[in-house]
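A.B. asks:
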Amino acid sequence: MYKNDRVIRRYSESFKLKILDELTAGKLNKYQLGKAYGIAPTTINEWIRKYNRKDLMNTRVTVKTKDEITRIKQLQKEIEQLKKLLLKKDMDALIEDSYLEVAAEQLGYKSVLELKKKLSIKP
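Numbers in my numbering are just positions in the sequence shown, counted from 1, shifted up by 228.
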C-alpha cells in the first residue's frame with residue numbers, strides 16, 4: 229500500500245457540531261463516540277479546540293498529601309530566602325566595586341584593575 233492510497237476524510241461543520249453536542253450530552257465519551265463514528269479521539273480533541281469548547285476539555289486534578297503540600301511550601305520559602313541572599317550578595321559586590329573605584333581614584337591609580345594588581349587582589 230502506498231502513502232497516497234490512504235483515505236482522507238473531510239467532515240462537515242454540522243457533523244462536527246453534532247459530535248460535540250453528543251459529547252456534551254454525556255451519554256458517550258470521546259473514545260466511545262470515536263468508535264461509533266470511526267473518528268480518532270484526537271480528531272474530536274481538535275474540534276473541541278477549534279470551537280473553543282473548554283467545557284469539554286479534559287481537566288487535570290492533582291491530589292497531594294499534606295506532607296507534599298508542606299514540602300512544597302518549605303521549598304517555596306527556601307527559594308525566596310535564596311533569592312534574597314543572592315540579591316544581597318549582588319548588592320555587596322556592587323558596593324565593594326564602588327569602594328574600590330573611590331579608593332583607586334583617591335590613591336591616584338588610573339583604574340580599579342591597576343589598584344587590584346598593586347594590592348594583589350584577584351579581579
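In this text, a Cβ means the ideal position worked out from N, Cα and C, and glycines have one as well.
What are the start and end residues of each continuous alpha helix (DSSP H) run of 4 or more residues lying completely inside the segment 232-263, in chain order?
C.D. replies: 241-253
A.B. asks: State the Cα-Cα distance for the pair Ser348 and Leu314, rounded to the nearest angstrom.
C.D. replies: 26 Å
A.B. asks: Whole angstroms are fine: how far does the CA of Leu245 sit from the CA of Ile267?
C.D. replies: Ile267 and Leu245 have their alpha carbons spaced roughly 14 Å apart.
A.B. asks: Could you please give the first and the last residue of the uninterrupted alpha helix (DSSP H) stretch that includes Leu328?
C.D. replies: DSSP places Leu328 in the uninterrupted alpha helix (DSSP H) bounded by 294-335.
A.B. asks: Which stretch, first to last residue, makes up the alpha helix (DSSP H) that contains Arg277?
C.D. replies: 269-278
A.B. asks: State the DSSP-derived secondary structure class of Val340, mapped to helix, strand or coil.
C.D. replies: Val340: helix per DSSP, three-state reduction.
A.B. asks: Output yes or no for whether 8 Å exceeds the beta carbon distance between Leu328 and Leu343.
C.D. replies: yes
A.B. asks: Suppose the cutoff is 6 Å on Cβ atoms and the five residues either side in sequence are ignored; what does the same chain contact list for Val340 look like?
C.D. replies: Excluding residues within five positions, the ones whose Cβ falls inside 6 Å are Leu328, Glu329, Ala332.
A.B. asks: Rounded to whole angstroms, what is the Cα-Cα separation between Gln334 and Lys316?
C.D. replies: 27 Å
A.B. asks: Taking only the alpha-carbon atoms, compute the straight-line gap between Glu296 and Leu248 and give it to the nearest angstrom.
C.D. replies: 38 Å
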